[in-house]
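Line by line, the protein sequences give chains A, B and C.
Going by my numbering, the first residue of the first sequence is number 1122, and it counts up by one from there.
Going by my numbering, the first residue of the second sequence is number 30, and it counts up by one from there.
Going by my numbering, the first residue of the third sequence is number 243, and it counts up by one from there.
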Amino acid sequence: MKKALVIFLLLAIVSISAFAAGGAEKADGAEKFPTKPIKLVVYTGPGGAGDILSRKFTDIASKYTDATFVVENKAGAGGIVAMEYVATTKPDGYTLMYMTKSNVSKLVTTDSELDPMTFDWIAQMQIDPECVITNNKTGVVTWEQVVADAKAKGGDQLWLGPAAGGLDHVTAQMIWKAAGIEAKWVPFASGGKAKAALLGVQGITYTGNPGEIIGKPDFSVAAVCTAERLPQFPDVPTFKELGIEGLENEVMWRGFAVKAGTDDSIIAWYDDIFEKVTNDPEWIATYAPMGNMLVHKPRDEFNKIVQADYDAYKAAKQ
Amino acid sequence: MEILNNFFMGFGYLGHIQPIIAIVAGVILGIMVGAMPGLSPSMGVALLVPFTYNLQPHVALILLISIYIASEYGGSITAVTINTPGTPSAVVTAFDGYPLTKQGKAGTGLGVSLVASTIGGIIGTIILIFFSVPLARVAVRMHPAEYFALAIFGLTTVASLGGKNWAKAFLAAMLGLLINTIGIDPISGVKRFTFGTYRLFDGFALIPALIGLFALSEVFTRIEENKLEKGAQTKFDKEQWPSFMDYWKLKFAIIRSSIFGTLIGIFPGAGATIAAFLSYDIAKKLSKSPETFGKGNPEGVAAAEAANSSSVGGALVPLLALGIPGSASTAVLVGALMIHDLVPGPMLFVERPDIVYSLFAALMVANFVMLILGLMGAKLWIKVTVIPKKVLMPAILAISMIGSFAVNYSFFDVAACIGFGVSGWLLKKYGFPMAPIVLGMVLGKLAETNFRRAVIMGGYNVFFTRPASLILLILAVLSIGIPLYQTYKANKKEKNRI
Amino acid sequence: MELIKFFGKGPGFWVLLAILAVIFLGIALIVLKSSKKRYAGRILIPVFFIELALLFGTMALGFPHKGEVGPGVVPGLWIVGILTFSLLLFFQAISKHEEKDPPWGKISNVAVFILMTILYLIIMQFIGYYLATIIYLILGMYYLSYRNWKVMSSLTAGWVIFSYFAFYRLLYVPLPRGILIEWIFG
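The structure is reproduced here in structure tokens:
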């Protein structure tokens, strides 16, 4: 009985000291910004594309700073769960969130009450152009062939991609409108499943990003939504070259945000890290071959982009 | 022959100390993850991805793959010993595994599940090594109509699961299916039954529901019965471990379920749970004494475990041959590959055969390591059955709470888990089976989205004009009709006798 | 149709919920007073599911029609299934084709445990996962009249240490640290 009590007390002390260790760290003065680990909130589960990018980022950032980053996955509702979570945190800079353009579109499509400006969008890091991918085995490979096939099928051509209402679907609708064709959107649970269906010749095209054809010799990119050809894909024409206007800047972007109201000095500290990561050879070696444009657009510019995207989605909804 | 050469080269790579440590550590972690209610195989793999970040790519993948394969087995341990499936697919293992424990034969349940898992894993790996390319080509040709038909076929196992209580079993399945429609509709983006809260945008997570329906409802039932004097197993003797002959009797069930499990595992999105349910159903239908299923027939344990372990090999087929994940766990493996700048897909065989073949070799070795560790461990986990229930019940509750929290780090999930637990306890009392609810929650999205997708792509006729889909639908009708007819006949006989 | 839309959303939904609750209580009272008293559970469970199906059905009818197969079609199918099987069970129960209600055991024990678990989750927010778990496990076993303190303390200690290393350190699960603890220690 006595022994048990001793063990119990010991245990209580151990568990309290576990907290105390965390607490002591915090008490150590507040003069320089990261005095404790920074939480990087990711809206996908571990192993998702966003998770990998975030972990790559923290890995590279640790070359340039002693600060510790802890990735925390808050998956659910296409990012709404994570955004709601970050919105409740203090604007102390210790919670960073990985964001993409689809978070902005989710806010609109789910009628969320969250204002995108609840967050300070501090760095846009990657821009990924949208494109139309085809299967070499279908005989409909180039954009001209896609158009001819669409006209022949009179609205029954199948376009495969992720869920309806998402970025890829919206882009596909814009392409149909600009090119004057009609087609059907077949939504899959994920981009991966849609690509599998394209491999199995269940549809004609897949709407996504050029990087998605890497390692898959059956796929070709028919046309890409940029103003100029991508250096990584010199043979892929842009829609502009093909005579279709208004599709020069349909992109997916990725970046980071903190809670609005975070101190300028903290954001300056982050700016420095983002700049260094953007120019890091490992970062470039990983993402440049995928056709992603690596940029570092700081907060003023980025906040404007987000507001414009949000307004555009709102307008499109009405 | 080139395959064999490469394969031996892969084994050669395993001659180093690091990969061996990775396999052993992976198997131990995997068994733990599987046995822990709340940590599913995909979560186990996912949660360990950050940990593998700084390892060499070979070692990292070997570690993850070992966790994956071992966790499919680990789920059976708690299913057999305390009727709490650690993984969704182990729900089926519990059908016969737990009755065995209640009869004092926990050793039989544990032994059979281990051996069946090992053989299933090996057969799955062999099929993966030799047939991955042609099988993957078939898998991507699976039209949504066929996925729908497969899901319906899977649902029909409810008819034989329910037995006499078939109406309750069907009602339970329908509930699971309806619960699965809660959330944002994946096809149209419309919010369904979300009651205005963003926490329901993805619906109820499967794992907390599973824990609630099985673990919590079991705890509540035991506490209510208030017979908590002893452990689950009252008799405890050495004779309970199966002999070689006992295993030999199960050879057909194991081999059949392994091949079947691998094939189901190949189709992206179908997975271990459907494989286990269908294999169990087939074993029951082919058996000479189907009435012993659900009452502690080792064949039921063997069929379920062989199927869910072999589905691992199947799930790796589309991943390696096409770069497309076939299950939640392999989706995480894609991520792990990409962290190491490896792009999964057919080019991986050409560019990095060393990675691919050391992975194959590791899969083989991991199965044997699992067998050895499992045999050693079985003596340990059988002790769970003699833990006094007064200690075990609060412990299961505590494990369930942390397990359902770990899924999404959300207390909403924990609350949902308690809700499912209370409902499960009440429903079980009135003779409603829990497994059909889980089956409905697993198959609901698969059935619905593929149904609607198929109609978008080819109209309503497509289900009957595609031969594969038609055959599966006919099988489904037979699979539902035969058991119902048998029940009807049995009832009639009984009446005549009176 | 307009009526269904009214009940499917907003205040109308709560009105519908209230009506269904009153009907359920009414049926429960009738059954408990009648000769079918010993079948009460077997009758009330299907009644509950029929009402649930009606509630969800009303909501599903309000879903917008989009695309070839609208978002309400498949849930509607499952709802019809629930209605069918619930009605079947209901008629089985009132025609006494079913067995009588199973006897109730120690319901109070279950209630205490459910309450304790909910309190555990609430207290965890204040004093953190580890302390709350120690209290919860010890109290739980004590309530079930287990008195072997050696087993109780070693199991509790083992579990807390295991969850710290396995969940917190290895798997990075952010277990609640507790508002009070954080406030006291910094």
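For each residue, glycine too, the CB sits at the ideal point set by N, CA and C.
These numbers come from a predicted model, not from an experiment.
- Under the Cβ criterion of 7 Å, residue 1292 of chain A is not counted among the residues facing chain B.
- In the DSSP assignment, residue 1193 of chain A falls within the beta strand (DSSP E) that extends over 1190–1194.
- The residues 398, in chain order, have a CB closer than 7 Å to that of residue 53 of chain B in the same chain once the five nearest residues on each side in sequence are set aside.
- For residue 337 of chain C, DSSP assigns no beta-bridge partner whatsoever.
- At a C-beta separation below 9 Å, residue 342 of chain C has no neighbours in chain B, since its nearest C-beta there lies roughly 11 Å away.
- For the pair of segments examined, the stretch 328–337 of chain B was found to touch the stretch 291–307 of chain B: the number of CB pairs separated by less than 8 Å reaches three.
- Taking a C-beta cut-off of 9 Å against chain B, the contacting residues of the stretch 1298–1318 of chain A are 1305, 1306, 1307, 1308, 1309, 1310, 1311, 1313, 1314, 1316, 1317, 1318, listed in chain order.
- If you compare the alpha carbons of C:298, C:266, C:361 with that of residue 283 of chain C, the shortest gap goes to C:266.
- Counted as a single uninterrupted DSSP element, the stretch harbouring residue 462 of chain B is not any alpha helix (DSSP H), since DSSP gives it neither H nor E.
- With fewer than 16 neighbouring CB atoms inside 10 Å of its own CB, residue 1406 of chain A falls in the exposed class.
- Using a Cβ-Cβ cut-off of 7 Å, residue 1161 of chain A does not count as an interface residue toward chain B, since no Cβ of chain B sits closer than that to its own.
- If the five residues before and after residue 1155 of chain A are omitted, its C-beta is found closer than 6 Å to the C-beta atoms of 1188, all from its own chain and listed in chain order.
- Take residue 386 of chain B, set aside five residues on each side of it, and the residues of its chain with a beta-carbon closer than 7 Å to its own are 35, 36, 38, 39, in chain order.
- In this structure residue 247 of chain B is not in contact with residue 348 of chain C, their Cβ atoms being roughly 16 Å apart against a cut-off of 8 Å.
- Under the rule that a run must span 4 or more residues, the alpha helix (DSSP H) segments found entirely inside the stretch 1175–1244 of chain A read 1201–1208, 1222–1230.
- Relative to the Cα of residue 275 of chain B, the nearest Cα in the group B:356, B:227, B:186, B:141 belongs to B:141.
- Ranked by how close their Cα comes to the Cα of residue 353 of chain B, the residues A:1361, A:1320, A:1346 have A:1320 in first place.
- Using beta-carbon distances, residue 337 of chain C does not count as an interface residue toward chain B, since no partner is under 7 Å.
- For residue 1401 of chain A and residue 50 of chain B, the gap between their C-alpha atoms comes out near 33 Å.
- Near chain A, meaning a CB-to-CB distance below 9 Å, the residues of the stretch 398–420 of chain C are 398, 399, 402, 403, 406, 410, 414, 416, 419, 420.
- For the stretch 256–286 of chain C, the set of residues with a beta-carbon nearer than 7 Å to any beta-carbon of chain B comprises 283, 284, in chain order.
- When secondary structure is reduced to three states using DSSP, residue 224 of chain B falls in the coil class, being assigned neither helix nor strand.
- By the rule that beta-carbons nearer than 7 Å mark a contact, residue 240 of chain B does not touch chain A.
- The three-state secondary structure of residue 47 of chain B, taken from DSSP, is helix.
- In the three-state reduction of the DSSP assignment, residue 393 of chain C falls in the helix class.
- With contacts defined by Cβ atoms closer than 7 Å, residue 90 of chain B and residue 390 of chain B do not form a contacting pair.
- Between residue 290 of chain B and residue 340 of chain B, the C-beta gap is smaller than 7 Å, which places the two residues in contact.
- By the CB criterion at 7 Å, residue 196 of chain B and residue 449 of chain B fall outside the cutoff.
- Under a criterion of Cβ atoms nearer than 7 Å, the residues of chain C adjacent to residue 257 of chain B are, in order, 386.
- In the three-state reduction of the DSSP assignment, residue 213 of chain B falls in the strand class, which pools E and B.
- Under the 10 Å beta carbon count, residue 1238 of chain A is surrounded by fewer than 16 other beta carbons and is classified as exposed.
- At least 7 Å separates the beta-carbon of residue 1329 of chain A from that of residue 1246 of chain A.
- Counting only Cβ-Cβ distances below 7 Å, residue 1335 of chain A has contacts in chain B at 372, in chain order.
- The way I'd put it, the stretch 286–300 of chain C does touch the stretch 317–332 of chain C; three or more beta-carbon pairs between them come closer than 8 Å.
- Neighbourhood of residue 210 of chain B in chain C, by CB distance below 8 Å: 316, 317, 320, in chain order.
- Here the C-alpha atom of residue 324 of chain B lies approximately 11 Å from the C-alpha atom of residue 330 of chain B.
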